[in-house]
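So the sequence shown is numbered by our numbering: it starts at 59 and just counts up by one. Heads up: the structure comes next, in structure tokens.
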Amino acid sequence: MSTTSTPLLQRLKDLSAPELRRLLTEQLTKQKLGLTWERDAIAHDRALNADVVLPRLLPEVSHTPEGCELHSNLIIEGDNFDALRLLRATHAGKIRVIYIDPPYNTGNKDWVYNDQYVGANDRWRHSQWLEFLYQRLSLARDLLTSDGVILVSINDENRARLELLMDEVFPGRRLGSLVWRTKDTGNDLAQRFSHVHEHVLVYANGGFSFNGRPTDRSKFRNPDNDPRGEWSPQPLTANKSLFERPNTYYPIQNPETGYWYPCDPDSTWRFASEAVIRRLCNGDETAVQAMLAGLRSDTMEALITKRLIYFPPCKPEEVMHFATKADLLAALKAGKGPVLPKKKIPLLRADLPDLDFWVGKPIATGRPSRKEHWTARPESERLAPLGSWIAGMNEDVEDDELEQLLLLRTTRGGVATEEVKNVLGSKAFPYPKPLSLIKNLLAQASRPGDTVLDFFAGSGTTGQAVLELNAEDGEGQPPRRFILCSSTEATAKEPAKNLCRDVCAERLRRVIAGYGGKPGHALAQGGEFAYLQLDKIDGADVLLDATAQHAATLLSMRNMAAAPVEQAQAAITVVAQQADWLLVLCQDTEPATLAALHALHQQHREARLSVVTPRPKALALWLAEQGIDAHTQALHEALTLGQGGRGRSARA
Ligand SMILES: C[S@@+](CC[C@H](N)C(=O)[O-])C[C@H]1O[C@@H](n2cnc3c(N)ncnc32)[C@H](O)[C@@H]1O
Numbered sequence: 059m060s061t062t063s064t065p066l067l068q069r070l071k072d073l074s075a076p077e078l079r080r081l082l083t084e085q086l087t088k089q090k091l092g093l094t095w096e097r098d099a100i101a102h103d104r105a106l107n108a109d110v111v112l113p114r115l116l117p118e119v120s121h122t123p124e125g126c127e128l129h130s131n132l133i134i135e136g137d138n139f140d141a142l143r144l145l146r147a148t149h150a151g152k153i154r155v156i157y158i159d160p161p162y163n164t165g166n167k168d169w170v171y172n173d174q175y176v177g178a179n180d181r182w183r184h185s186q187w188l189e190f191l192y193q194r195l196s197l198a199r200d201l202l203t204s205d206g207v208i209l210v211s212i213n214d215e216n217r218a219r220l221e222l223l224m225d226e227v228f229p230g231r232r233l234g235s236l237v238w239r240t241k242d243t244g245n246d247l248a249q250r251f252s253h254v255h256e257h258v259l260v261y262a263n264g265g266f267s268f269n270g271r272p273t274d275r276s277k278f279r280n281p282d283n284d285p286r287g288e289w290s291p292q293p294l295t296a297n298k299s300l301f302e303r304p305n306t307y308y309p310i311q312n313p314e315t316g317y318w319y320p321c322d323p324d325s326t327w328r329f330a331s332e333a334v335i336r337r338l339c340n341g342d343e344t345a346v347q348a349m350l351a352g353l354r355s356d357t358m359e360a361l362i363t364k365r366l367i368y369f370p371p372c373k374p375e376e377v378m379h380f381a382t383k384a385d386l387l388a389a390l391k392a393g394k395g396p397v398l399p400k401k402k403i404p405l406l407r408a409d410l411p412d413l414d415f416w417v418g419k420p421i422a423t424g425r426p427s428r429k430e431h432w433t434a435r436p437e438s439e440r441l442a443p444l445g446s447w448i449a450g451m452n453e454d455v456e457d458d459e460l461e462q463l464l465l466l467r468t469t470r471g472g473v474a475t476e477e478v479k480n481v482l483g484s485k486a487f488p489y490p491k492p493l494s495l496i497k498n499l500l501a502q503a504s505r506p507g508d509t510v511l512d513f514f515a516g517s518g519t520t521g522q523a524v525l526e527l528n529a530e531d532g533e534g535q536p537p538r539r540f541i542l543c544s545s546t547e548a549t550a551k552e553p554a555k556n557l558c559r560d561v562c563a564e565r566l567r568r569v570i571a572g573y574g575g576k577p578g579h580a581l582a583q584g585g586e587f588a589y590l591q592l593d594k595i596d597g598a599d600v601l602l603d604a605t606a607q608h609a610a611t612l613l614s615m616r617n618m619a620a621a622p623v624e625q626a627q628a629a630i631t632v633v634a635q636q637a638d639w640l641l642v643l644c645q646d647t648e649p650a651t652l653a654a655l656h657a658l659h660q661q662h663r664e665a666r667l668s669v670v671t672p673r674p675k676a677l678a679l680w681l682a683e684q685g686i687d688a689h690t691q692a693l694h695e696a697l698t699l700g701q702g703g704r705g706r707s708a709r710a
């Protein structure tokens, strides 16, 4: 790999002594905490240049069912740096969810930098990878809505590097990471470690939260016929020992049976006791009332009176009874005292301060719990996903509590290759992500109507996940939209290869049509897409080289967040329309064009016209003469808007 180290030396040679001193001071005092990579040593990413990126619609590769008037879903072919620059000019602040699965920098020729595969022995491999991602993530950041989120898949090896990079691009936005199991088994003896998991890093803007899951009502039962209805048992203990919280270590009694329940010395009660408070205050009623008033929740006695504590049934023959302290000590020594039901850890020990209390008392087995009634829960309350528990679809989960928390489940990676094969009939793509992974991530991170972007789309799994979620949403919900960016993966060896067209778009076309007995996706479920290629035009030549098609597609994307279904043909094209506003592309000021514009105004008298034209001043004059209330914008400005700040973005 060529480097720019020679020009760097040359540059240093040309500096004066004071300039060198300043540079050295800067280097010695600059912030060092965080990630550094050899930014100045690596060859410049050739995708980064100062031209303008314009979209070109390919109607023949797009999927346009009958009735489709605009394409909300986009598949963009080309380097994603260019696609992101275009999207920054059309979709800034409009993307709610970005999911990406970038090349992992494995050294196994899994990604291309400046048209060359970056191999394992490349000296600048990691720096090039970081710089490559840094440039793209910096652009992607501007696309997110104020409640947007970016989810990034990464393997274990590169997770730390990527996480530091994400911290740099999205400072203060880290929410956490998710872990999922990629394989059922692993036997990588050669590597001395079986890598069977991957990560998904989650960074989000302030307004974002996962959808969570509504509380499961079937977990609420009513074994004691409580007139307030079903309830769910909540733990009555806090994770504080007798020594940390001596005042919440006390025995409790079931007033109906008279049976006593010892406190766990390692995990004392969660609630204060009025009896303990009274003992502490030593007859000072004012102090008692002050302490009771200061409590944030009911006392244990109040909870018992309100029948909010559940004492599990205990048969008389199960009740323990120790007539003397000697009996009690002997039972404890023999391991026959009261224990925690599942863990069998003793609740009474010879060294406890209240041991005498238990002599002669009926001691129940089972543990009391606090009742939480279904009716007392706020309707909006939802469970949040648990980061480290993306478990296998086939995993048996016996523990009820654990199952409650398992929200993100996924099939293993190998299934994903089959999923692509089922649609396309061949193993058309190596290492796609499982549909269930992306679907479950998006089910948690997105809502109906959201736009989901994947700018390393590969085989288009994200598009299929979006379509399937739309179908599951049911009627009446606005469909989620997808924007997928994929390279062709054409190389000098395989110049005709077009992964984006032949795998990504083709997969979605077949999914929309229905495959393998699965139903297709109607237009209302998002069953359509526009296929776009990108043209890069030197800024100075925009007016010469940009076509009406470029302009119409770009303006539609910017103003309607959608692409047109057909190429602009006529001299005037309505590219966006709302009740009281029309955006019109007007390519010249020929008499026929002006006549068409006049007729359009007659047709939509209530709507204000915005006219994009290469001759804004002349047209503004003509519109004023006609008494038409309109705004004109220069075509050049409309084409280049939002594509400023090109080239290498400054380090944050
Ligand atoms: C790991 S794969 C993504 C697989 C995808 N998640 C799936 O399920 O099919 C990464 C993809 O990014 C593509 N890619 C790499 N560099 C790119 C670039 N600069 N622009 C666009 N795509 C790129 C590769 O061609 C590859 O298809």
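For glycine and all other residues, C-beta sits at the position ideal for the given N, C-alpha and C. It should be emphasised that the depicted structure is a prediction, and the values quoted were computed from it without experimental measurement.
Item                                                                                                                                                                 : Value
So is the beta-carbon of Asn138 under 7 Å away from any non-hydrogen atom of ligand 1?                                                                               : yes
Within the continuous beta strand (DSSP E) that includes Ser544, where are the two ends?                                                                             : Arg539 to Ser544
Tell me whether Thr519 sits in a helix, a strand or coil according to DSSP, three-state version.                                                                     : helix
Along the chain, which unbroken stretches of the alpha helix (DSSP H) at least 4 residues long are found entirely within the segment 548-614?                        : 564-571 and 600-603
Ordered along the chain, which non-local residues of its own chain (more than five positions away) have a Cβ less than 8 Å from that of Leu67?                       : none
Is DSSP giving Ile310 helix, strand or coil here?                                                                                                                    : strand
Go ahead and label Ile133 buried or exposed: buried means 16 or more other beta carbons lie within 10 angstroms of its beta carbon, across all protein chains shown. : buried
Report all residues from its chain with a CB closer than 8 Å to the CB of His689; omit the five preceding and five following residues, and keep chain order.         : Arg666, Leu667, Ser668 and Val669
Measuring only the C-alpha atoms, how far is Cys562 from Ala141?                                                                                                     : 16 Å
Roughly how many angstroms lie between the CA atoms of Ile448 and Leu197, to the nearest whole one?                                                                  : A caution first: Ile448 carries a pLDDT of 48, below 50, which makes its placement in the model unreliable, though a value can still be read off. Approximately 30 Å between the Cα atoms of the pair.
Is His659 helix, strand or coil by DSSP?                                                                                                                             : helix
Can you check whether the CB of Leu338 is closer than 8 Å to the CB of Val258?                                                                                       : no
Let me make sure I understand the geometry here. Which of Pro323, Ile362, Asp342 and Val111 has the alpha-carbon closest to that of Ala408?                          : Pro323
DSSP three-state call for His379: helix, strand or coil?                                                                                                             : coil
Does the beta-carbon of Gly585 have 16 or more other beta-carbons within 10 angstroms, so that it is buried, or is it exposed?                                       : buried
Given Ile421, which residues of its chain have a CB within under 6 Å of its CB, disregarding the five upstream and five downstream residues?                         : Trp318, Met378 and Pro396
Please report the distance separating the alpha-carbon of Glu456 from that of Tyr489.                                                                                : With a pLDDT of 47 at Glu456, under the threshold of 50, the modelled position of that residue is not reliable, and the figure given next carries that caveat. When rounded, the distance between both Cα atoms is 32 Å.
What do you reckon, are the CB atoms on Arg114 and Asp596 nearer than 8 Å?                                                                                           : no
Taking the straight line between their C-alpha atoms, what separation do you get for Asp72 and Asp98?                                                                : 17 Å
Quick check: the segment 206-222 against the segment 141-155, are at least 3 beta-carbon pairs closer than 8 Å?                                                      : yes
Is Asp225 near Arg217, with beta carbons less than 8 Å apart?                                                                                                        : no
Closest by CA to Ser517, which one among Ile496, Asp508, Glu530 and Leu386?                                                                                          : Ile496
State the DSSP-derived secondary structure class of Leu66, mapped to helix, strand or coil.                                                                          : helix
Grab me the residues of Ser299's own chain with a C-beta within less than 6 Å of its C-beta, minus the 5 sequence neighbours each way, in chain order.               : Asp324
Could you give the distance in angstroms between the alpha-carbon of Glu477 and the alpha-carbon of Lys277?                                                          : 34 Å
If the criterion is Cβ atoms closer than 8 Å, does the pair Leu590 and Gly521 meet it?                                                                               : no
Pick out whichever of Val260, Gly418 and Arg559 has its Cα sitting closest to the Cα of His121.                                                                      : Arg559
What residues match up with Val110 in a beta bridge as DSSP calls it?                                                                                                : Ile595
Expressed to the nearest angstrom, what Euclidean distance is found between the alpha-carbon atoms of Ile570 and Ala580?                                             : 7 Å
Look up Ile686 in the DSSP assignment and say whether it is helix, strand or coil.                                                                                   : coil
Grouping DSSP H, G and I as helix and E and B as strand, with all else coil, what is Glu256?                                                                         : strand
Go ahead and label Asp458 buried or exposed: buried means 16 or more other beta carbons lie within 10 angstroms of its beta carbon, across all protein chains shown. : With a pLDDT of only 48 at Asp458, under the threshold of 50, the placement of this residue in the model should not be trusted, and no figure is reported.
Go to Ala696, then tell me how far its alpha helix (DSSP H) extends in each direction, as first and last residue.                                                    : Leu693 to Thr698
Considering only their Cβ atoms, is the gap separating Pro320 from Leu405 smaller than 8 Å?                                                                          : yes
Considering only residues of the same chain and omitting the five flanking positions on each side of Asp159, which have a CB-CB separation below 6 Å?                : Ser211, Lys491 and Phe514
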